[in-house]
Amino acid sequence: MCGIWALFGSDECLSVQCTNAMKIAHRGPDAFRFENVNGFTNCCFGFHRLAIVDQLYGMQPLRVKKFPYLWLCYNGEIYNHIRLKNQFEFEYQTKVDGEILLHLYERFGIEKMASMLDGVFAFILLDTANRKVLLGRDTYGVRPLFRLLTDDGFLAVCSEAKGLLDLKTSMSTPAKITAFLPGCFEVFDLKLTGKVESVQMDRFHCCTEEPKHAAYNILEGLGTGFELETVKSNIRILFESAVKKRLMAHRRIGCLLSGGLDSSLVAATLVKLAKEEQLLYPIQTFSIGAEDSPDVAAARKVAAHIGSEHHEVNFTPEEGICALEEVIVHLESYDITTVRASVGMYLISKYIREKTDSVVIFSGEGSDELTQGYIYFHKAPSPKAAAEDSVRLLEELYLFDVLRADRTTAAHGLELRVPFLDHRFTAYYLSLPEEMRVPKDGVEKHLLREAFKGLKLIPDEILWRRKEAFSDGMTSMKKSWYTSLQEHIESEVNDSQFEKASKQFPSNPPTTKEGFFIRQIFEKHYPGCCEWTLHYWMPRWIKATDPSARTLSIYKPDKDQ
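Heads up: the sequence shown begins at 2 in this note's numbering, then just goes up one per residue.
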């Protein structure tokens with residue numbers, strides 16, 4: 002996890018502009034560098050470092066003697082960098098995983114380079130020999146990237162939109178800040194003035210395609226065909242591989258554990274592999290919730306079963322309400338379910354940073370989208386419709402759950418790892434027959450549960466535990482966190498204020514007082530930036546006025562909750 006920032010063709014003094022780079026300092030608390038580009042006085046890079054790999058040479062922009070004309074600023078981890086280095090016999094100058102980008106780009110060009118990377122990344126690559134600027138972002142947008150491009154060719158790029166908001170430009174109308182699309186790369190011509198012109202924007206990978214880097218990693222035991230036992234075995238092999246490759250770190254590894262299926266599978270597999278790899282410390286797991294929350298009780302069971310060093314963070318609605326504004330500022334979003342779920346994740350990340358030495362944090366994001374885990378999938382009109390919606394959700398992750406997971410952890414200088422979004426694992430799961438992936442016998446994610454049945458990896462009652470939204474599960478069944486939040490908002494927003502909501506906010510107008518309250522906070526910090534949230538996350542195929550699963554007529558809590 003790092004913060005990257007770059008300008009090309011700035012008309013304003015760089016020492017004035019660089020104060021904007023400090024707005025993402027939380028992403029890299031270990032070191033900061035600001036560097037001008039030789040020969041282009043109005044181009045520069047800013048970098049905030051969180052040191053995870055290669056303590057000595059990990060500062061950026063990364064440059065090596067072999068390619069003095071290449072400058073790289075990237076945020077991410079490339080899990081197959083050693084495999085590719087050996088495959089193509091590249092001579093490394095550092096131990097930095099990102100060095101592989103320079104070698105791949107030089108030998109194969111931008112498109113093949115991006116498609117060969119097994120990992121999560123957002124990069125800014127400058128090639129002064131060919132006068133090109135190149136941007137790229139991983140398949141699911143696990144690492145964030147935003148860009149601003151003016152009509153006269155001034156380009157600014159940053160890990161978070163807030164680092165671009167107050168930049169000075171020579172244009173009379175403000176330029177739009179947009180999220181860089183996941184799975185894509187963009188090429189710009191760099192003019193002698195330092196200004197740029199976009200000449201190519203293409204997609205290098207989509208989630209339904211097997212990634213090109215799979216050809217260089219033969220996994221033992223993978224079967225062919227769709228016979229159930231073969232499929233279950235393949236799911237286990239690919240999932241374990243996804244967790245194992247993510248052990249790449251020089252800092253302590255921990256895991257978020259809500260006590261739901263997804264985080265429990267990640268934590269259990271992580272603990273198992275950590276023992277096999279003989280890590281020198283026990284894996285710490287972390288849960289958050291009120292004393293009587295179903296999540297805390299379930300997480301406690303899992304932690305005892307897998308033998309992790311477990312930490313519980315007590316959550317009160319009052320604490321959540323106090324953190325709300327900070328959370329929205331970090332998120333740069335006003336989506337209701339994203340904000341609700343982010344509060345708990347923000348507070349648990351704060352605890353991890355302040356009270357432990359874990360820095361690399363595993364989590365279960367992506368599973369619900371991939372394995373049709375949302376309760377509304379029970380109402381899908383057909384397996385085909387369910388499969389299509391699964392892909393839609395995965396493609397929009399960068400706006401919702403992946404955005405939440407990145408910003409709430411990065412706010413406290415932690416690095417998130419999400420094995421369910423492994424390129425190879427997701428491509429395989431999406432290649433399975435549509436009928437295999439739908440809820441079965443009234444249970445969502447049936448195939449995933451079935452794959453781990455009988456292994457005693459996690460307790461049986463957790464393996465078959467019903468879906469519970471993170472923001473719901475951390476409070477009791479009697480009173481959800483969203484109910485406490487709405488009660489507080491009721492005292493803050495009166496009916497006459499809310500009646501004017503659609504006039505005040507004509508784009509994506511809020512339909513509830515909670516939505517109105519969140520939007521007001523967002524607009525206070527990011528006025529006129531409503532397009533950053535393209536639409537609200539809501540369940541499909543069912544009449545819903547609230548994104549919480551607990552409000553749906555088909556919601557059935559587990560009996561012991």
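Yeah, the Cβ is synthetic: ideal placement off N, Cα and C, and Gly gets one too.
- Apart from the 5 residues on each side of it in sequence, E278 sits with its Cβ closer than 7 Å to the Cβ of L248 in its chain, given in chain order.
- Pairwise C-beta distances place the stretch 73-93 in contact with the stretch 102-110, as three or more of them are shorter than 8 Å.
- For P384, the enclosing alpha helix (DSSP H) starts and ends at 384-396.
- Sequence-distant Cβ neighbours of Y429 in its own chain, meaning closer than 6 Å and more than five residues away, are L239.
- In this structure, the alpha-carbon of T484 lies about 9 Å from that of P318.
- Q18 counts as buried, since no fewer than 16 other beta carbons sit within 10 angstroms of its beta carbon.
- Here the stretch 409-422 lies against the stretch 352-368, with 3 or more beta-carbon pairs under 8 Å apart.
- DSSP, reduced to helix, strand and coil, places V244 within a helical segment of the structure shown.
- Inclusion of S350 and T286 in the CB contact set at 8 Å is not warranted, their separation being larger than that value.
- Taking the C-beta atoms as reference points, F122 is found nearer than 8 Å to G77.
- Under the criterion of beta carbons closer than 8 Å, T140 and P183 qualify as touching, at roughly 6 Å.
- A direct Cα-to-Cα measurement between M23 and S16 gives close to 12 Å.
- In this chain, the beta strand (DSSP E) harbouring L73 covers 68-79.
- Judged by beta-carbon spacing, R405 lies within the 8 Å limit of T339, meaning their Cβ atoms are closer than that value.
- When rounded, the separation of the alpha-carbon atoms in S173 and L156 is 16 Å.
- With a beta-carbon spacing of about 6 Å, C185 and R138 fall inside the 8 Å limit used to define contacts.
- In terms of CA proximity to E500, F517 leads the group E90, F517, Q487.
- With fewer than 16 other beta carbons inside 10 angstroms of its own, P434 counts as exposed.
- The stretch 208-216 makes contact with the stretch 113-122, as at least three CB pairs between them are under 8 Å.
- Around Y352, the same chain offers V314 as residues with beta carbons nearer than 6 Å, after the five sequence neighbours per side are excluded.
- Per DSSP, the beta bridge partners of V134 are L127, F189.
- Under DSSP, the beta-bridge partners assigned to N37 are C45.
- Rounded to whole angstroms, L431 and L371 show a C-alpha spacing of 7 Å.
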